[in-house]
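Engineer: So in this note's numbering the end of the sequence shown lands on 275, straight run, no missing numbers. Beta carbons are placed, not taken as given, at the ideal position from N, Cα and C, and that holds for glycine. To start, I am sharing the structure in question, which I have written as structure tokens.
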Amino acid sequence: MKLDLRAIKPAVFRALEEDIGFADITTSSIVPGEQTGKGVLFFKEPGILAGLQVAELVFVTLDPSLKTIPRAKDGEAVAAGQAVLEVEGSLQSILTAERVALNFLQRMSGIATRTARFVELVRYYNAKISDTRKTTPGMRPLEKYAITVGGGRNHRFGLFDAVVIKDNHIRIAGGIKEAIMKARHQIPHTTKVEVEVNSMERIEEALEVKADIILLDNMSPEAIREAVDLIAGRAITEVSGDVTEETIVDYAKTGVDYITVGALTSAARWLDISLELQTGDQQ
């Protein structure tokens, strides 16, 4: 997934507006407007870098005269103590934008780092790690981008780009066959249809009406292995449910195509990243 900076500018504007309000009353009271220097963003723990361009955008959106100098690239494994970005110019502007830039960088790098751990755990198996729609409101493009930086795959972006039929849809439609047939009549022939199942009987129903993707939800690894054998390549297989770092290898061993992990975003810890300021006499 490529990061579209034009699309995320509104999120950057909102974040700056939320944080600054009418003024940074602390910095403007203490730091002379004409004083210049350099800020260095560095990792305080190892991790995967994601969101560097977003951090740069925060600084130059607040003050276009600031100069940003990247010292790493998204996707790189960064060591503790390693600098990833330098910002030169007005110290007032650097300090005012600091928190917002770090918020984006810490959140996105945390997601990429967590995703990379899951990807590494299944590296010897066929299964690919995929995300979900469990994202921070307003942050979906950035968080889904961070997933790909960490080596994961994006599931549907929203409700508009794929049909995913779940229990409530099935109940209202009167069954799996009826739900899939109704969806097929409404959507373009190029749109994939995925259906959530939790039993062999429902898998048979989904196969009968040629579901493109069968989502095996909250099933044990033993049941999933049986389901994969039953499906036998007639549909893409996907697993969801209580997938953790401790259980993911058991699911990967079943031979499924994809494992969706909501915890890539919902449980990702923010990475510890800081900004160190250097004034003119320290450079």
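Report the partner residues of residue 229 according to the DSSP bridge assignment.
Structural biologist: In DSSP, residue 229 forms a bridge with 206.
Engineer: Name the two residues that bound the continuous alpha helix (DSSP H) containing residue 270.
Structural biologist: Premise fails: residue 270 lies in the beta strand (DSSP E), 265 to 271, not in any alpha helix (DSSP H).
Engineer: Decide if residue 25 is buried, meaning its Cβ has at least 16 other Cβ atoms within 10 Å, or exposed.
Structural biologist: It is exposed - the Cβ of residue 25 has fewer than 16 other Cβ atoms within 10 Å.
Engineer: Of the choices 100, 16 and 167, whose alpha-carbon is the least far from that of residue 142?
Structural biologist: For residue 142, the nearest C-alpha among the options comes from 100.
Engineer: How about residue 279 and residue 32: do their beta carbons lie closer than 8 Å?
Structural biologist: A query on residue 279 cannot be resolved here, the shown segment of the chain reaching from -7 to 275 and no further.
Engineer: What's the C-alpha gap between residue 129 and residue 260?
Structural biologist: Their backbone Cα atoms lie some 15 Å apart in a straight line.
Engineer: With a cut-off of 8 Å, do at least 3 Cβ pairs link the segment 79 to 98 to the segment 4 to 11?
Structural biologist: Cβ pair count under 8 Å is three or more, so yes.
Engineer: What residues match up with residue 69 in a beta bridge as DSSP calls it?
Structural biologist: Per DSSP, 40.
Engineer: For residue 62, name the three-state secondary structure that DSSP assigns.
Structural biologist: In the structure shown, residue 62 sits in a strand (DSSP, three-state: E or B).
Engineer: At the level of alpha carbons, what is the spacing between residue 227 and residue 194?
Structural biologist: Distance between the alpha carbons of residue 227 and residue 194: 14 Å.
Engineer: With DSSP run on the structure shown, which of helix, strand or coil describes residue 184?
Structural biologist: Residue 184 falls in the coil class under three-state DSSP.
Engineer: With contact counted as at least three CB pairs below 8 Å, one residue from each stretch, are the segment 236 to 253 and the segment 106 to 126 in contact?
Structural biologist: Taking 8 Å as the limit for Cβ pairs, the verdict is that the segment 106 to 126 does touch the segment 236 to 253.
Engineer: Compute the Euclidean distance between the alpha carbons of residue 249 and residue 96, then round it to the nearest angstrom.
Structural biologist: If I take the Cα positions, the gap works out to 31 Å.
Engineer: Does the Cβ-Cβ distance between residue 23 and residue 98 come in under 8 Å?
Structural biologist: Their beta carbons are not under 8 Å apart, which means residue 23 does not touch residue 98 by this criterion.
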